[in-house]
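See structure below.
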Amino acid sequence: MSAEAYQHLAEHLAAKGIDVEHVKARLKAQHIELPSWGFANTGTRFKTYAWPGAARTLHEKIADAGMVHKLTGVCPSIAIHIPWDKVDDWDAAREFAASQGLRIGAVNTNTFQADLYKWGSITNADAAVRQAALDHHLECIEIAKKVGSSILSLWYADGTNYPGQASFVERRHRMIDFLRQVYAALPENMRMLIEYKFYEPAFYHTDIADWGQAYAICLKLGPKAQVLVDLGHHPQGANIEHIVATLLDEGKLGGFHFNNRKYGDDDLIVGTINPLELFLIFNELVAAEDAARDVAYMIDQCHYLEPKIAAMVQSVVNIQIAYAKALIVDRRALRERQAENDVLGANRVLMDAFETDVRPLLARVREEMGLHPDPIAALQASGYEQRIAAERGVATTSGGFPT
Ligand code: PSV
Ligand code: MN
39 MSAEAYQHLA EHLAAKGIDV EHVKARLKAQ HIELPSWGFA NTGTRFKTYA
89 WPGAARTLHE KIADAGMVHK LTGVCPSIAI HIPWDKVDDW DAAREFAASQ
139 GLRIGAVNTN TFQADLYKWG SITNADAAVR QAALDHHLEC IEIAKKVGSS
189 ILSLWYADGT NYPGQASFVE RRHRMIDFLR QVYAALPENM RMLIEYKFYE
239 PAFYHTDIAD WGQAYAICLK LGPKAQVLVD LGHHPQGANI EHIVATLLDE
289 GKLGGFHFNN RKYGDDDLIV GTINPLELFL IFNELVAAED AARDVAYMID
339 QCHYLEPKIA AMVQSVVNIQ IAYAKALIVD RRALRERQAE NDVLGANRVL
389 MDAFETDVRP LLARVREEMG LHPDPIAALQ ASGYEQRIAA ERGVATTSGG
439 FPT
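Quick look at the structure:
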């Protein structure tokens with residue numbers, strides 16, 4: 039990207055009264071969390087294709103996340119999933135992360151892979167199973183304390199496949215009782231983020247199916263419980279930006295799991311299928327200003343065909359593009375058009391930002407941060423993917439995921 043392209047864009051923004059230096063400062067301060075599981079061999083339920091160089095241990099996942107952070111400058115933390123990432127020495131993990139410029143972020147519980155959870159985890163009618171799930175959550179809180187994390191991330195596979203299989207309400211009561219116990223164990227500085235998903239692996243009902251159900255639970259629990267919006271967990275046509283605006287307005291938006299879905303859950307690179315949707319989500323976040331201050335921006339993607347490091351870098355770039363476009367919306371003009379019920383004019387103001395090529399702006403931001411202006415080119419030039427392929431070979435393990 040040429041200096042001329044940046045100059046041209048800066049003039050266009052200045053003419054709209056947008057402070058380019060402020061926009062650049064916001065872009066430099068952006069923080070996107072990487073998922074440890076995105077660097078390991080993972081796949082669909084049909085097949086896991088091994089990727090030469092895929093991380094096999096938490097150490098390797100941290101190293102890969104460190105590389106993504108070195109290239110992008112905006113990914114200073116890595117989320118972990120327990121038990122996939124369980125290690126004996128959490129101090130060593132924390133120190134190694136720090137040596138890579140990272141800290142350990144959200145600790146994700148996992149009550150969806152052990153045999154004992156066949157009939158549910160936190161909703162299970164068997165108190166012994168619920169106790170095992172509670173012990174796991176308490177262990178995750180202890181891990182979070184050790185690694186210095188302030189987020190416990192919760193997603194449940196609980197649900198049923200057939201009408202009549204179980205009582206919705208009894209399951210719900212068990213779940214709320216369970217989550218109250220988890221909430222009571224949270225230290226002062228820790229939040230619990232509750233994810234919803236309307237189907238899979240259960241297909242008739244899931245116990246936390248949508249944002250409203252997650253929100254209602256959070257209200258019962260207290261201020262440290264917030265909703266986590268995973269972009270892949272919505273029906274087709276759901277207006278996610280409206281959900282985001284509502285949760286922000288209620289102070290209950292805890293964070294995101296970024297990915298993109300065409301029909302189902304997860305895995306596709308965020309911003310590839312519907313970049314407009316991603317922009318509109320960031321537009322609400324920027325418009326909410328302070329209310330969005332504590333939102334955690336996390337990627338939840340497992341790439342099974344794509345080269346893993348490049349796919350993660352591309353995901354970060356796509357998020358940066360959406361954020362940059364949201365930052366250059368002419369908000370004064372938007373408010374004026376809205377006040378006059380100028381339907382098309384208001385839409386044009388938004389679309390003007392969306393249709394602006396912000397790549398020269400991001401290239402300039404990276405240069406000012408001492409980075410290569412094109413992180414994908416920098417990755418290719420680094421030879422990192424070839425090096426880990428040679429060093430690690432083809433992993434026979436999945437880094438926790440079932441194969
Ligand atoms: C479930 O589909 C989910 O979105 C949850 O966040 C899990 O923890 C994650 O995917 C990892 O598979
Ligand atoms: Mn998720």
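Residue numbers 39 to 441, in this note's numbering, belong to the letters of the sequence shown in order.
Built from N, CA and C at the ideal position, the CB exists for glycine as well.
Residue range of the alpha helix (DSSP H) that includes Gly250: Run containing Gly250: 249 to 259, per the alpha helix (DSSP H) assignment.
Tyr342 to Trp89 span [Cα, whole Å]: Annotation: Tyr342 to Trp89 spans about 8 Å, alpha carbon to alpha carbon.
Have a look at Asn379 and Val220 and give me their C-alpha separation to the nearest angstrom. Straight-line Cα distance between these residues: approximately 47 Å.
When burial is assigned at 16 or more other CB atoms within 10 Å of the CB, is Gly55 buried or exposed? By the 10 Å Cβ count, Gly55 comes out exposed.
With a floor of 3 residues, list each beta strand (DSSP E) that falls wholly inside the stretch 207 to 239, ordered by position along the chain. 229 to 233
Where do the ends of the alpha helix (DSSP H) carrying Tyr361 lie? 346 to 365
Hey, would you say Glu279 sits closer than 8 Å to Ile319, going by beta carbons? yes
Taking 8 Å as the threshold (C-beta atoms), are Asp338 and Lys235 in contact? no
Between Pro239 and Arg94, what straight-line distance do the alpha-carbon atoms span, to the nearest angstrom? 26 Å
For His272, is the beta carbon positioned less than 7 Å from some heavy atom of the ligand MN? no
Whose CA, out of Leu172, Ile142, Ala204, lies closest to the CA of Lys183? When only C-alpha atoms are compared, the closest one is Ile142.
Flag Trp122 as yes when its Cβ comes closer than 7 Å to any non-hydrogen atom of the ligand PSV, and as no otherwise. no
Tell me the start and end of each unbroken alpha helix (DSSP H) in the stretch 305 to 347 that is at least 4 residues and wholly inside, in chain order. 313 to 326
How many Å lie between Lys99 and Ala433 at the Cα? 13 Å
For Ser191, the nearest candidate out of Val125, Val145, Lys363 (CA to CA): Val145
Could you check how far apart the C-beta atoms of Ile120 and Thr147 are, in whole angstroms? I think they sit under 8 Å. 6 Å
Roughly how many angstroms lie between the CA atoms of Met213 and Arg168, to the nearest whole one? In this structure, the CA atom of Met213 is about 9 Å from the CA atom of Arg168.
C-alpha distance - Ala360 paired with Val396, whole-angstrom precision: 9 Å
Within a Cβ cutoff of 6 Å, which residues of the same chain sit near His410, ignoring the five residues on either side of it in sequence? Ala416
Measure from the alpha carbon of Asn277 to the alpha carbon of each residue in Gly293, Ala254, Phe317, Leu257, then state which is nearest. Taking Asn277 as reference, the option from Gly293, Ala254, Phe317, Leu257 with the minimal CA-CA separation is Phe317.
Cβ neighbours of Leu323 in the same chain (closer than 6 Å, five flanking residues each side left out): Ala330
To the nearest angstrom, how far is it from the Cα of Arg373 to the Cα of Arg386? 12 Å
Short check: CB of Ala391 to CB of Ile426, under 8 Å? no
Report the partner residues of Phe294 according to the DSSP bridge assignment. Val267, Tyr335
Any heavy atom of the ligand MN within a distance shorter than 7 Å of the CB on Trp193? yes
Pairing CB atoms from the stretch 257 to 275 with CB atoms from the stretch 283 to 293, are three or more of them under 8 Å? yes
Option in Ala252, Ala283, Glu344, Ser187 with minimal Cα separation from Asn227: Ser187
Lys54 in three-state terms, based on DSSP: Here Lys54 carries a coil assignment [DSSP, helix/strand/coil].
From Lys262, Val58, Leu231, pick the residue whose C-alpha is nearest to that of Trp249; which is it? Leu231
Touching by the beta-carbon criterion (3+ pairs, under 8 Å), the stretch 39 to 49 and the stretch 111 to 118: no
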